[in-house]
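Here the structure is laid out as structure tokens; the discussion comes afterwards.
Residue numbers (the numbering used here): 2 to 211.
This is how it looks when you write it as structure tokens:
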């Protein structure tokens with residue numbers, strides 16, 4: 002029988018320049034936490050990812066972080082407070098690109114850890130069925146969801162956070178708001194580019210309402 006791993010690519014194959022065996026020794030944990038030898042092969046340099054963003058849609062996971070009461074009912078929704086490139090402050094959800102050779106579960110765990118810290122202790126849902134799919138376009142007005150950088154398809158999940166959260170990297174803070182509080186509507190209105198709509202769909206899907 003032929004050994005597929007030994008196939009020699011043609012010169013015009015899309016991955017002809019890729020080194021064979023580059024994933025040898027790479028484990029799922031490397032994609033979640035990174036490896037000792039630097040980023041795993043799924044990461045791309047800034048120049049390459051910027052080119053891809055101009056040419057093809059990218060797949061993302063988007064997470065609505067929630068805390069629940071003793072009866073399992075959603076009591077709070079979490080958000081990140083960040084500074085945009087133009088210096089303005091934004092309130093947003095946990096989100097990130099799905100890497101090549103990375104499963105959706107690994108992407109959820111990695112992006113939650115990246116944004117909320119390693120002791121956030123997320124409870125990854127047993128089903129990978131997203132509660133909604135949000136399609137972000139770089140052109141305003143095409144859909145409810147807008148991303149000036151790219152055309153992105155986001156698989157959206159509600160994830161219970163049971164640990165402590167700390168802002169990471171460019172985040173200024175991790176803030177929580179009780180869905181029953183008078184401030185919750187203001188909390189939602191501070192989210193731009195359709196993020197508030199994702200939270201509303203999440204609460205409707207779980208039966209929590211506003």
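We put the CB at the ideal spot given by N, CA and C, even for glycine. Model, not experiment: these values are computed from the prediction.
Considering only their Cβ atoms, is the gap separating residue 166 from residue 133 smaller than 8 Å? no
Separation of residue 189 from residue 160, as counted between CA atoms: C-alpha separation (whole angstroms): 18 Å.
Could you tell me if residue 205 is buried or exposed, where buried requires 16 or more neighbouring beta carbons within 10 angstroms of its beta carbon? exposed
List the whole-angstrom C-beta distance separating residue 81 from residue 182, where the pair is believed to meet the contact cut-off of C-beta under 8 Å. The pair is not a contact, with the Cβ atoms about 19 Å apart (cut-off 8 Å).
Could you say which of 202, 147, 94, 185 lies nearest to residue 174 if we only look at CA atoms? 94
Excluding five sequence neighbours on each side, which residues of the same chain lie with their C-beta closer than 7 Å to the C-beta of residue 113? Within the same chain, residue 113 has close Cβ partners 64, 95, 121, 123, 160.
Return the chain-ordered ranges of every beta strand (DSSP E) run that is complete within the region 74-161 and spans a minimum of 3 residues. 75-84, 90-93, 95-98, 133-137
Nearest neighbour of residue 170, chosen from 47, 108, 117 [CA to CA]: 117
Nearest by alpha-carbon distance to residue 78: which of 100, 103, 84, 162 is it? 162
Do residue 53 and residue 153 have their C-beta atoms closer together than 8 Å? In this structure, residue 153 does not lie closer than 8 Å to residue 53 by Cβ.
Output yes or no for whether 8 Å exceeds the beta carbon distance between residue 195 and residue 138. no
Using only alpha-carbon positions, find the residue among 106, 198, 209 that is nearest to residue 130. Answer by Cα proximity: 106.
Would a C-beta distance cut-off of 8 Å place residue 75 and residue 207 closer than the cut-off? yes
Could you tell me the distance, in whole angstroms, from the CA atom of residue 68 to the CA atom of residue 178? 10 Å
Can residue 91 and residue 197 be called in contact, C-beta distance under 8 Å? no
In terms of residue numbering, what span does the alpha helix (DSSP H) encompassing residue 174 cover? Not the alpha helix (DSSP H): residue 174 falls in the beta strand (DSSP E), residues 172-179.
Residue 184 in three-state terms, based on DSSP: coil
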